[in-house]
Amino acid sequence: MSFHMILAAVAVSVSLVAPAAAHEVTLGSLTLTELWSRATPPNAPTAGGYLTITNTGDTADRLVAVSTAQAGKSEIHEMTVSDGVMTMRPLAEGVEVPANGTLVLAPGGFHLMFMKLQAPFVEGEEVPVTLTFEQAGSVDTFLHVMQIGARGPDGHAGHDDMKMDMSE
Amino acid sequence: MKTLKAIRIVAWAAVAIVIGGVATVLVLQQFDDPPIATVATIGGPFSLTDQHGQLVTEASLKGHPSAMFFGYTYCPDVCPTTLFEMTSLMAELGPDADKLKVYFVTVDPERDTQAVLADYLQAFDPRIGGLTGSREEIDKTLSAFRVFSRKVEGEDGSYLMDHTASVYLFDDDAVFTSTIDYQEDDTTALAKLKRLIDGA
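Respectively, the protein sequence lines represent chains A and B. Residue numbers for the first sequence, in the numbering used here: 1 to 168. Residue numbers for the second sequence, in the numbering used here: 1001 to 1200.
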């Protein structure tokens, strides 16, 4: 089992340095990394988007808006699961990027919410987005589309450690 | 003085009740599954249609173990993720997965018609049944399975659904056994499904 765990760890670290999701965007004192989304099932009307925002400045900023030509409507949402019940809410005021801190948008929490998709998000493609911050202004960038069910920007879905046992 | 004494007795009684209540909660928390409802109250009559137009009722849950979860296709995170996880778990189970019936029940039948579910579910294991029906039938099912769901209206006529995100597991007699909770680790989830299949 430990050998498999080492294999899995190696696989994860290799994919973490894979070039696919390695782009980084700087906007004033903000650095955006791990910009990603997931492929959507056929005719799925919505998709989520995720990224990490690091603020090296001494003042807090705020992610206030997101837009993309690939969706009819884009918002910033927060998802919570409490007592087994999933709740999702739009954040009209956006979400704060703390001074000298990091804001993570990831599955199960804060996320970009794309509605009225014009076309499915396809694995391996890039979704252009414009992100707007209260202080730092706007930036045009893109999200890497990973597979359905991916847990992070390295494209890994669940169960890889178990799958290795039966591969090849 | 008598009044003071009475107040003191009442106060101590209140303290005793609070301590008793806390103790009860702590004892209940020792159980793995949250005490949302007793085992016997989850499940009951329902009549829905899968994405291929086949009728699925409470009788369809008998003769094999089943996994059932609830969601909607407008949901960007939990629902496709759970569907994907179930697809992966079924792949891990190998041929044993054929002994299990897996159902995804919509909480949003107005938008999730049979055709919409048929399209959407193409991305996942074809053995997963996507169930829909009239609002009335869906409500009856949600109530029978003690599933929470609430429509949250947006500004422009759009809406979101809050809903129970756990996967419910049933034995071959359609008796509720346990849940796989949202983001429960894969190993535990797989072990629960294996136990369910082995016990059938």
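C-beta: ideal position from N, C-alpha, C; glycine also. Note that the structure is a prediction, hence the values are computed from the model and not measured.
- DSSP places S1158/B in no alpha helix (DSSP H); its state is neither H nor E.
- Taking every protein chain shown into account, the CB of T1041/B has fewer than 16 other CB atoms within 10 angstroms, so this residue is exposed.
- With fewer than 16 other beta carbons inside 10 angstroms of its own, K1151/B counts as exposed.
- Residues are counted here when their Cβ sits less than 8 Å from a Cβ of chain A; for the stretch 1162 to 1190 of chain B these are D1162, H1163, T1164, A1165, S1166, T1179, D1181, Y1182, Q1183, D1186, T1187, L1190, given in chain order.
- As the crow flies, the alpha-carbon of V122/A is around 8 Å from that of R38/A.
- For D1173/B, the three-state secondary structure derived from DSSP is strand.
- Going by beta carbons, L35/A and T141/A fall inside the 8 Å limit.
- For E1136/B, the three-state secondary structure derived from DSSP is helix.
- Nearest CB-CB separation between T68/A and chain B: not below the 8 Å threshold.
- Only I148, G149 from the stretch 132 to 156 of chain A bring a Cβ to less than 8 Å from some Cβ of chain B.
- The CB of N55/A never comes closer than 7 Å to any CB in chain B; the least such distance is about 25 Å.
- DSSP places S1143/B in the helix class (H, G or I) of the three-state scheme.
- Around T1073/B, the beta-carbon contacts reaching into chain A at under 9 Å are P41, N43, A44, P45, T46.
- Straight-line measurement puts the Cα of D1098/B at about 25 Å from the Cα of A150/A.
- Per DSSP, the unbroken alpha helix (DSSP H) holding R1195/B starts and ends at 1186 to 1199.
- A Cβ-Cβ separation of about 4 Å places G1129/B in contact with D1050/B under the 8 Å criterion.
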